[in-house]
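Residue numbers (our numbering), protein chains in the order written: chain A, 1 to 248; chain B, 249 to 496. All residues carry an ideal CB built from backbone N, CA and C; glycine is no exception. Please read all numbers here as calculations on a predicted model, not as lab measurements.
Number of protein chains: 2
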Amino acid sequence: MPFKAVVFDAYGTLYDIQSVAAVTEQAFPGHGDIITQIWRIKQLEYTWLRSLMQRYEDFAVVTRDSLIYTLRILGLPADAATLDRIIAKYLDLDPYPDARAALAAMKPHRLATLSNGSPAMLGALVKASGFDTLLDAVISVDARQIFKPSPEAYALIEQTLGLAPSDVLFVSSNPWDVCGAKAFGLSVAWIERVTPQAMAAACIKTELVAPLTLFKALRTQMDELGFAPDYRIAALSDLPEIASQHEP
Amino acid sequence: MPFKAVVFDAYGTLYDIQSVAAVTEQAFPGHGDIITQIWRIKQLEYTWLRSLMQRYEDFAVVTRDSLIYTLRILGLPADAATLDRIIAKYLDLDPYPDARAALAAMKPHRLATLSNGSPAMLGALVKASGFDTLLDAVISVDARQIFKPSPEAYALIEQTLGLAPSDVLFVSSNPWDVCGAKAFGLSVAWIERVTPQAMAAACIKTELVAPLTLFKALRTQMDELGFAPDYRIAALSDLPEIASQHEP
C-alpha cells in the first residue's frame with residue numbers, strides 16, 4: 001500500500017538555504033560565506049534553545065535575531081534596511097532544481113510541508129516558488145509554539161491531514177529532523193546531499209577550513225541520536241518511486 | 249545582602265573543555281583542533297536535541313556519541329580503546345587557572361556546581377581537580393532527565409540547596425546557559441572570555457578560518473535570546489567581590 005501523504009521539510013529540503021549567500025555577499029563583500037553559515041547554525045540553535053527555555057518566538061524573530069548575532073560577532077554594522085534586505089531572501093529562497101518535478105510526479109499523494117517557518121514566511125515562500133498550487137497543506141509549527149524536533153511539532157501532521165503516522169512519508173535533508181521524525185514514529189526519507197566521502201575529503205586540510213565546510217560537517221551528516229532513516233536518497237527526484245511503494 | 253550561594257556551570261566555566269585538544273591531537277595528529285571543536289559543538293547540540301525529542305540519555309552517552317559522530321564525518325576510524333582514551337579526559341579536564349583561588353575566596357558562601365554532566369562524570373571531575381573539598385554540592389541535571397537550558401534543570405538549585413533563586417548567583421561562561429538561567433529567574437554572572445574585539449579580529453580573514461575560531465564565533469559571544477547577564481566579568485577571579493555584594 002502506498003503512503004497516503006508525503007510531507008516535506010521546507011528549509012534545506014525543498015528550498016536551498018544556501019541561496020541566501022548571494023545576498024549576504026552582496027551586502028558584505030568578502031563575508032558572504034561566513035555570514036551565511038553562522039547565521040544558519042545560530043538560527044537552528046535558537047529554535048532549539050527557545051523551545052527548551054519555553055520562550056518561543058516565531059521563526060521570523062529567530063531568523064532576524066540570529067542574523068543580528070552573526071553581524072555583531074563579525075563586527076559588521078548593519079542598519080535596519082540592510083537587515084531587511086538580507087532577511088527578505090528567506091521569503092524567496094531558491095527551490096532545489098528537482099523540487100518542482102518531484103512534487104508534480106507525486107500529485108496522486110497528498111503533499112504537504114511541515115516547517116519551523118512562521119505562517120507568513122511559509123506562505124510567501126510557497127507562493128514565490130509556485131509550490132502553493134502543488135501542496136495540499138502548508139503546516140507551521142507556530143500552531144504549537146514549539147520547534148522541531150519536539151514531538152508536538154510532528155503531531156501537527158496527523159492533526160492537519162487526519163492521517164496516522166504510518167500513512168505518512170516524511171522527507172528531510174536535515175539529519176536532526178530525520179531523527180526527530182523517526183523518534184516520533186514517522187517513516188522517513190533522508191536526502192543525503194553531501195556524501196560521507198565528499199565530507200571527509202573536504203576536511204583533509206584541517207588547519208583552516210571554509211565556513212561552508214564546517215557547516216556541512218555540523219549539519220549534513222547523519223546524527224548519532226539513536227535513529228536512522230528508512231530511506232537514504234541522493235535527491236528529491238528519487239522520491240516518487242519510494243512514495244508509491246510502502247515498505248518502511 | 250550578599251548572595252547566599254554561588255552556583256557554577258562546570259564545562260567551560262570551572263573547567264576548560266578545550267583541554268581535550270591535547271588528547272585529540274595525540275590520538276589523531278593534525279586533526280586535534282577540528283575534532284575538539286566539532287565534538288564540543290555536537291555534544292551540546294545533542295543535549296538540546298535529545299531534550300527536545302524527549303529522548304534523554306545521560307551526558308556520558310551524549311559525549312561518546314558526539315565523538316563517534318565527529319570521527320566518522322572526518323573519516324577517522326577509531327577503535328573502542330582510542331575512544332575510551334579520548335573520553336577519559338572529560339573526567340580530568342584542566343580547571344581554569346583562577347578557579348581554585350576564586351572558589352576558596354568565596355567559601356563564606358555556599359558553593360555548588362549545576363552541570364549537564366552525569367553524576368559519575370562530575371564526581372570524577374571534582375575529585376580529580378580537588379574541588380570536591382570546596383563545593384558544598386555537585387548537582388547534575390540527570391536528576392530531572394533533561395539538559396540545560398530547560399527551566400527544570402535550573403530548578404534543581406532550589407530543590408538541592410533549599411535557597412530561593414533570588415539568593416543565588418549563577419556563573420557561566422556559556423551564553424546559552426546565561427540566557428537560560430536568566431529566563432528561569434536567577435541572577436547571573438557571565439564570564440566573557442573572548443572579547444567582541446578579539447572575536448571580530450579573528451574573523452577578518454573570512455575565506456578560511458580555524459575550527460577554534462568558528463567555535464568561538466558560535467559559542468562564546470552573548471546570544472540574542474532576549475536576555476542579558478546581570479554581571480559581565482572577564483575571569484573567575486572577578487567573582488568574590490560580586491558575590492559579597494547583592495545588587496542584581
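Per DSSP, what kind of secondary structure is residue i in: helix, strand or coil?
i	result
Phe-170(A)	strand
Val-195(A)	The amino acid occupying residue 195(A) in the given sequence is Thr; Val does not appear at that position. The answer is coil: DSSP assigns Thr-195(A) none of H, G, I, E or B.
Ser-140(A)	strand
Pro-219(B)	The structure shown does not extend to residue 219(B), since chain B is modelled only from 249 to 496, so the question has no answer here.
Ser-219(B)	Residue 219(B) falls outside the range modelled here, since chain B spans only 249 to 496, and no answer is possible.
Asp-58(A)	coil
Ala-360(B)	strand
Phe-256(B)	strand
Ser-51(A)	helix
Ala-403(B)	helix
Note down the Cα distance separating residue i from residue j, rounded to an integer number of angstroms.
i	j	result
Lys-148(A)	Arg-219(A)	15 Å
Tyr-338(B)	Asn-364(B)	13 Å
Leu-462(B)	Gln-245(A)	43 Å
Ala-458(B)	Val-209(A)	6 Å
Ala-360(B)	Gln-302(B)	27 Å
Val-386(B)	Pro-2(A)	53 Å
Ala-99(A)	Asp-264(B)	46 Å
Ala-446(B)	Lys-355(B)	33 Å
Tyr-231(A)	Leu-382(B)	53 Å
Thr-295(B)	Trp-176(A)	12 Å
Given that a residue counts as buried once 16 or more other Cβ atoms are within 10 Å of its Cβ, and exposed if not, what is residue i?
i	result
Ser-414(B)	exposed
Ala-153(A)	buried
Glu-455(B)	exposed
Gln-159(A)	exposed
Glu-247(A)	Its pLDDT being 48, under 50, Glu-247(A) is placed unreliably in this model, and the value from its coordinates should be taken loosely. So Glu-247(A) counts as exposed.
Ala-81(A)	exposed
Ile-73(A)	buried
Asp-84(A)	exposed
Ile-452(B)	exposed
Say whether chain B places a C-beta atom closer than 9 Å to the C-beta of residue i.
i	result
Glu-241(A)	no
Arg-232(A)	no
Leu-52(A)	yes
Ile-157(A)	no
Asp-147(A)	Here residue 147(A) turns out to be Phe, not Asp, going by the sequence shown. It does: the Cβ of Phe-147(A) has a partner Cβ on chain B nearer than 9 Å.
Glu-192(A)	no
State yes or no: is the beta carbon of residue i nearer than 9 Å to at least one beta carbon in chain A?
i	result
Pro-477(B)	no
Asp-340(B)	no
Asp-327(B)	no
Arg-303(B)	yes
Trp-424(B)	yes
Leu-462(B)	yes
Arg-320(B)	yes
Glu-495(B)	Annotation note: pLDDT 48 at Glu-495(B) (below 50); position unreliable, no value reported.
Can you name, in chain order, every residue of its own chain whose Cβ lies under 8 Å from the Cβ of residue i, other than the five neighbours on each side?
i	result
Pro-277(B)	none
Ile-146(A)	Ser-51, Tyr-56, Glu-152 and Ala-153
Arg-110(A)	Lys-4, Ala-5, Val-6, Asp-136, Ala-137, Leu-161 and Leu-163
Ile-405(B)	Ala-253, Val-255, Ala-360, Leu-362, Ile-387, Leu-411, Pro-413, Val-416, Phe-418 and Leu-434
Ala-120(A)	Ala-60
To which residues of the same chain is residue i closer than 6 Å at the C-beta, ignoring the five residues directly before and after it?
i	result
Lys-430(B)	Val-436 and Phe-475
Val-268(B)	Thr-284 and Lys-337
Asp-306(B)	Ser-366 and Asp-390
Phe-184(A)	Pro-151 and Tyr-154
Just to confirm my understanding: we take residue i, look at its own chain, exclude 5 residues before and 5 after, and list those with CB closer than 7 Å. What are they?
i	result
Ala-150(A)	A quick correction: the sequence has Ser, not Ala, at residue 150(A). Excluding positions up to five away in sequence, the list reads Ser-51.
Gly-32(A)	Ala-21, Thr-24 and Glu-25
Asp-380(B)	Val-374
Would you check whether the ligand ADP has a heavy atom nearer than 8 Å to the C-beta of residue i?
i	result
Leu-208(A)	Absence of the ligand ADP from the depicted structure is noted, as is the absence of any ligand whatsoever, leaving it without description.
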